[in-house]
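Residue numbering for the sequence shown follows my numbering, beginning at 29 and increasing consecutively. Some notes on the structure that comes next.
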Amino acid sequence: MISFAKAKETVLASARTLDTERVDLADSLGRVLAEDVASDMDMPPFNKSAMDGYACKRSDLADPLTVIETLPAGIAPQKTITSGKCAKIMTGAVVPEGADCVIMKEYVEILDENQIVFTGKSTKDNICIKGEDIKTGDIALARSAIIAPQHIAVLASVGCPQPLVSKKPTVGIIATGSELVAPDSKPSPSQIRNSNSYQLTAQVEKAGATPTNYGIAEDTEEAIGSVIKKAIAENDVVLISGGVSVGDFDLVRDILKNNNVDLLFEKVAVKPGRPTVFGLTDNCCIFGLPGNPVSTFVLFEILVKPFLHKMMGCDQQENLVTACLHETISRKKADRDSWLPVRFTETGTIKNIEYHGSAHINAMCGAQGLICMPKGTAKLQEGTTIAVRPV
């Protein structure tokens, strides 16, 4: 049995880099950027009014001003502001040459059709200076960013309509167990509905990869072996839930070995998820995950998702947040790392969500994050600051 840290190190070291492709900006959400994107222009590209008001010289604010033109956004100024003159201007419009401030219309008295006077005591410049956000040639978005909606706005603004991104890994998902039935079936007293396949499919999609659900494989060498062989041939990654423990019908380890899978580890010192398996073929990486739903969920979040992101070229730090414990957390055994589901309180502290074993999936519905109690730690005191992995 290896430590979780060693298991994660092994998994990440096995992640091969995928090829790249260009996609339309509208289809880029959640993709991993494969190159630095430089701006092809200054942002903003001109001195831009930040307010609706009047562009003028600050030195003229004490005197009446003559309005010489009106400037909506998108129209270039035709006149220069000289002493005693101003231009009526809208938010986003080009500030005319000669003006060094924009006075808000709320602080203006209109004397007649073409004359105004400033009624305030002072004013800010209210001008967004050309290039103050980003200059031509500056990196607007760095390689390995997972493209979010705000990134799409940046890419559009700097002239990148088809960003270069890593291809999505294909992920085959297999649920093993003769006790499993489809969600639309009524289970007999000895059966349960297959939840892991659908949970993993959603997690894979959320992580930015492309899932294929291979359904349920009964606990026979023929059934499991056939679907594993097919999934390995068709995917970059295969996730198998169930069949990885040491019971009479836990067949996955031997079947993987029989399919020329090089198992790099077969047990991890982590709770939940001790019987987790990881192995390789020439073209595929295989995770054998425990069949209990909480174990499957947690191991995907802490082990599989970082692996998928690494495959897609995302080498940024994981998105962890820190928070203080709302109450003391204790455990009887501290022989391995333990991952616990938590939720945030109204005051911003985190509270442990109690659950009764790794089959208690309903407890995860309220989870907003996971925290780790390291091996050797039996108690975390109230008020302790700890890293939280959002889920």
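Heads up, the beta-carbon is just placed ideally off N, CA and C, and yes, glycines get one too. Just so you know, these numbers come straight off a predicted model, no measurement behind them.
Would you tell me roughly how many angstroms separate the C-alpha atoms of residue i and residue j, rounded to the nearest one?
i              : j                : result
glycine 120    : phenylalanine 74 : 10 Å
lysine 196     : lysine 234       : 12 Å
glutamate 49   : threonine 238    : 15 Å
valine 130     : cysteine 156     : 10 Å
threonine 377  : asparagine 311   : 44 Å
threonine 240  : alanine 33       : 29 Å
leucine 93     : isoleucine 117   : 14 Å
glutamate 97   : lysine 158       : 22 Å
glycine 301    : glutamate 374    : 31 Å
aspartate 161  : valine 280       : 55 Å
threonine 356  : serine 42        : 38 Å
lysine 113     : proline 105      : 14 Å
alanine 362    : methionine 401   : 8 Å
arginine 364   : cysteine 313     : 25 Å
glutamate 141  : glycine 81       : 15 Å
lysine 36      : glutamine 219    : 34 Å
valine 416     : isoleucine 103   : 50 Å
aspartate 128  : leucine 331      : 56 Å
serine 269     : alanine 78       : 56 Å
methionine 69  : aspartate 52     : 21 Å
alanine 54     : isoleucine 30    : 43 Å
lysine 107     : glycine 236      : 52 Å
serine 8       : isoleucine 260   : In the structure as shown, the chain begins at 29 and stops at 419. Residue 8 is therefore absent and cannot be evaluated.
threonine 110  : lysine 163       : 29 Å
cysteine 188   : aspartate 64     : 11 Å
methionine 347 : valine 370       : The residue you asked about is not methionine; residue 347 is asparagine in the sequence shown. If you take the alpha carbons of asparagine 347 and valine 370, they lie about 16 Å apart.
lysine 152     : proline 72       : 19 Å
lysine 338     : glutamine 345    : 11 Å
aspartate 282  : isoleucine 389   : 28 Å
glycine 271    : isoleucine 256   : 12 Å
For the putative contact between residue i and residue j, defined by C-beta atoms under 8 Å, what is the C-beta separation to the nearest angstrom?
i              : j              : result
glutamate 134  : valine 145     : Rounded, the Cβ-Cβ distance is 14 Å, inconsistent with contact.
proline 303    : proline 318    : 5 Å
leucine 40     : proline 334    : 7 Å
isoleucine 201 : leucine 292    : Wrong, their Cβ atoms sit about 20 Å apart, outside the cutoff.
leucine 284    : isoleucine 244 : Between isoleucine 244 and leucine 284 the Cβ distance is about 18 Å, and since that is not below 8 Å, they are no contact.
threonine 204  : aspartate 247  : 6 Å
serine 56      : proline 211    : Incorrect: roughly 32 Å between the Cβ atoms, too far for contact.
isoleucine 414 : threonine 350  : 7 Å
Whose CA, out of the options, lies closest to the CA of residue i?
i                 : options                           : result
isoleucine 372    : Ala395, Asn390 and Asp91          : The sequence as given places phenylalanine at residue 372; isoleucine does not occur at that position. The shortest Cα separation from phenylalanine 372 among Ala395, Asn390 and Asp91 belongs to Ala395.
aspartate 343     : Val199, Arg171, Glu250 and Gln409 : Arg171
glycine 316       : Lys113, Lys295 and Lys333         : Lys295
serine 7          : Gly404, Gln227, Met71 and Met401  : This structure leaves residue 7 out entirely; the chain is present only between 29 and 419.
glycine 404       : Thr248, Glu382 and Arg359         : Arg359
phenylalanine 328 : Val419, Met29 and Ala168          : Val419
alanine 101       : Thr164, Ala115 and Val95          : Ala115
lysine 85         : Leu46, Gly126 and Ala181          : Gly126
So that I know if they touch, is there some Cβ in chain C lying closer than 8 Å to that of residue i?
i          : result
valine 123 : Of the protein chains in this structure there is only one, and it is not chain C.
Which stretch, first to last residue, makes up the alpha helix (DSSP H) that contains residue i?
i              : result
arginine 281   : 280 to 286
glycine 1      : This structure leaves residue 1 out entirely; the chain is present only between 29 and 419.
serine 323     : 321 to 327
glutamate 37   : 32 to 41
isoleucine 180 : 177 to 185
proline 334    : 333 to 339
threonine 229  : 224 to 235
If you follow the beta strand (DSSP E) that residue i is in, where does it begin and where does it stop?
i              : result
glycine 253    : Not the beta strand (DSSP E): glycine 253 falls in the alpha helix (DSSP H), residues 249 to 262.
glutamine 143  : 143 to 146
glutamate 8    : Lying outside 29 to 419, the shown extent of the chain, residue 8 is not represented and no answer is given.
valine 305     : 305 to 308
methionine 132 : 129 to 132
leucine 292    : 290 to 293
leucine 99     : 93 to 99
valine 370     : 365 to 372
glutamate 49   : 48 to 50
glycine 243    : 238 to 245
Is there contact between the stretch 284 to 296 and the stretch 209 to 226, where contact requires at least three CB pairs shorter than 8 Å?
No, the stretch 284 to 296 is not in contact with the stretch 209 to 226.
Between the stretch 51 to 67 and the stretch 173 to 181, do three or more beta carbon pairs fall short of 8 Å?
Contact between the stretch 51 to 67 and the stretch 173 to 181 is present: three or more C-beta pairs spanning the two stretches fall below 8 Å.
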